[in-house]
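Worksheet: one structure, shown below.
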Amino acid sequence: MKENILFFNYDLETDILFFYNEKNKYEFSEFLTNKIVLDLNKNNEAIGLEITDASNLFKVKKELLTKIKVGYMEIAIDEENIKLEVLLILKTNKESLLKPINIRSNNELHIPNLETEVAITSI
1 MKENILFFNY DLETDILFFY NEKNKYEFSE FLTNKIVLDL NKNNEAIGLE
51 ITDASNLFKV KKELLTKIKV GYMEIAIDEE NIKLEVLLIL KTNKESLLKP
101 INIRSNNELH IPNLETEVAI TSI
């Protein structure tokens, strides 16, 4: 992710959370789990992420995912594994909540080694 900034969109009805960079062209996807899909461009650079059943994965009520303020994502790919860490900061009436997830998956598509950190922000 060259610009190191992703925007997000959450669909409350379907409970799907999208992270994306509008300036990069999508080429293919890698399923990290049955609920997490990593999108890549033609240079095998991560350009987006889709999380289904997001409220269960982050262990929050769906309505709270409409209150994402900012976040952070780290992706590390080596010959064998893809490691994903996502941290969201959600604003409630009383406080800010930190909600992390950590995922590790096999690098079955043999995506080249990559390490990147990205800021997550609203439009």
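Residue numbers (full-length UniProt numbering): 1 to 123.
All C-beta atoms in this analysis are idealised placements derived from N, C-alpha and C, irrespective of residue type, glycine included.
- Measuring C-alpha to C-alpha distances from residue 41 to each of 60, 57, 20, 34 identifies 20 as the nearest.
- An exposed status is given to residue 95, since fewer than 16 other beta-carbon atoms sit within 10 Å of its beta-carbon.
- Taking a 10 Å sphere around the C-beta of residue 28, we find fewer than 16 other C-beta atoms and assign the residue as exposed.
- In this structure, the alpha-carbon of residue 13 lies about 10 Å from that of residue 63.
- Here residue 8 is buried. Its C-beta has 16 or more other C-beta atoms within 10 Å.
- In the structure shown, residue 79 falls within a coil segment according to DSSP collapsed to helix, strand and coil.
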